[in-house]
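Take the position in the sequence shown, starting the count at 1, then add 93; the result is the number in this note's numbering.
Think of the CB as a built atom: it goes at the ideal place given N, C-alpha and C, for glycine as much as any other residue.
Have a look at the structure below, then the notes.
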Amino acid sequence: MKKIIAYCIIVFFTATLVSCSGPVKTTVSVKENFTTPAPQTEITYQVFYDELAPYGRWITYPGYGYVWTPNIAIGFQPYSTNGHWAYSNAGWTWVSNYNWGWAPFHYGRWFFEEGYGWLWLPGHEWAPAWVTWGHSAGFYGWAPLAPRIDINVGWNPPPHYWTFVPQEHMTKPNIENYVVDRTTNINIVKNITIINNHNTTIVNNNSTVINNNIHNTVYNTGPHITEVQKVVNNNIHQVTINEHAKPAPTNITNDNITIYKPVIMHEDKQKQLPNNRPVPKNFEQYKQQHHG
94 MKKIIAYCII VFFTATLVSC SGPVKTTVSV KENFTTPAPQ TEITYQVFYD
144 ELAPYGRWIT YPGYGYVWTP NIAIGFQPYS TNGHWAYSNA GWTWVSNYNW
194 GWAPFHYGRW FFEEGYGWLW LPGHEWAPAW VTWGHSAGFY GWAPLAPRID
244 INVGWNPPPH YWTFVPQEHM TKPNIENYVV DRTTNINIVK NITIINNHNT
294 TIVNNNSTVI NNNIHNTVYN TGPHITEVQK VVNNNIHQVT INEHAKPAPT
344 NITNDNITIY KPVIMHEDKQ KQLPNNRPVP KNFEQYKQQH HG
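Given below as structure tokens:
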């Protein structure tokens with residue numbers, strides 16, 4: 094009985110102190126209510142050099158360093174051949190059917206050179222697609238961003254960079270079957286409206302600009318989903334991007350896109366590495382092509 098009385102006195106005394114001293118600070122913090130994912134380890138361009146080697150050639154290109162071209166027959170076009178668009182939580186995302194598609198369509202930039210075809214320059218930033226978007230006279234179009242093109246600065250790609258499809262076929266899984274003959278691109282681009290997305294739509298000089306900034310990486314998310322749903326006359330299901338743990342083909346299901354998207358070290362930091370700087374195991378010297 095005495096123990097019970099003593100216990101009650103202690104509880105009452107403690108409660109009295111609490112009520113008199115105001116709110117009591119607890120050691121439980123908001124951070125303990127969720128788990129912060131551990132930061133991913135940065136890797137270098139070596140992952141590109143090694144993983145893409147079986148599928149193409151590395152070339153030393155003046156002013157750029159190592160660039161890559163795929164071993165594909167004539168007619169290959171980035172963001173056009175053997176793939177399609179899916180609308181994800183990151184915007185319009187290119188889903189490539191190539192085993193190596195996780196890299197050149199989501200990092201770096203493409204450019205075209207006669208004699209070589211399309212060449213890819215690695216980059217450290219990931220995006221659902223590095224393209225410029227546009228629409229013109231019932232067509233949606235997109236073109237690979239060339240190296241050193243600032244995404245925030247207006248840029249009209251050359252006609253042969255563009256891929257156009259009738260807008261009602263934008264979401265087709267076999268989209269290359271609907272690509273307009275590129276010999277007509279020069280006429281289509283005369284009336285093109287460039288599409289970028291930055292949360293708001295700004296109309297200036299007959300151009301629509303839409304940009305988006307996610308995780309400090311600025312990229313074009315493409316035409317607005319509600320607009321595309323109207324022209325395709327169907328609801329578009331948004332999918333979520335998940336990550337492969339290692340290099341692998343991109344997979345898509347009804348609800349998810351699973352893709353390998355490692356954190357790549359900034360190239361300036363890679364150049365400062367004391368040892369084991371990234372370099373392709375096999376590469377060829379660039380040879381200027383002469384035409385005449």
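My output table needs one value for residue i: the three-state DSSP class, helix, strand or coil.
i: Ala239; result: coil
i: Tyr191; result: coil
i: Phe169; result: coil
i: Gln363; result: helix
i: Val224; result: strand
i: Gln331; result: coil
i: Gln381; result: coil
i: Tyr271; result: helix
i: Tyr200; result: coil
i: Tyr154; result: strand
Taking Cβ positions, are residue i and residue j nearer each other than 7 Å?
i: Ile318; j: Tyr233; result: no
i: Asn192; j: Gly176; result: no
i: Asn278; j: Pro259; result: no
i: Thr153; j: Pro371; result: no
i: Thr256; j: Trp235; result: yes
i: Pro171; j: Trp211; result: yes
i: Ile357; j: His217; result: yes
i: Lys354; j: Trp219; result: yes
i: His262; j: Tyr254; result: no
i: Phe198; j: Ala239; result: no
i: Phe159; j: Trp151; result: Here residue 159 is Tyr; the residue named in the question, Phe, does not match the sequence. Yes.
Exposed or buried, residue i, counting other C-beta atoms within 10 Å across all chains shown (16 or more means buried)?
i: Asn182; result: exposed
i: Ile167; result: exposed
i: His228; result: buried
i: Leu145; result: buried
Suppose you measure from the CA of residue i to the CA of residue j; what does that come to, to the nearest Å?
i: Asn326; j: Phe141; result: 40 Å
i: Gly184; j: Pro221; result: 7 Å
i: Gln322; j: Ala230; result: 17 Å
i: Lys374; j: Pro215; result: 16 Å
i: Gln381; j: Pro163; result: 19 Å
i: Gly201; j: Thr225; result: 14 Å
i: Ile287; j: Gly315; result: 10 Å
i: Trp187; j: Asn349; result: 13 Å
i: Gln139; j: Gln363; result: 10 Å
i: Thr276; j: Thr343; result: 31 Å
i: Asp274; j: Asn280; result: 11 Å
i: Pro250; j: Pro237; result: 8 Å
Could you tell me which residues DSSP pairs with residue i in its beta bridges?
i: Phe205; result: Trp211
i: Glu336; result: Ile352
i: Ile279; result: In the DSSP output, where bridge partners are listed per residue, Ile279 has none listed.
i: Gly404; result: Any question about residue 404 goes unanswered here, given that the chain covers just 94 to 385.
i: His177; result: Val188
i: Thr314; result: Bridge partners of Thr314: none, in fact.
i: Pro259; result: Phe232
i: Thr286; result: His228
Cβ of residue i versus every heavy atom of the ligand FMN: is any distance shorter than 6 Å?
i: Asn280; result: With respect to the ligand FMN, the structure shown offers nothing to examine, as it has no ligands at all.
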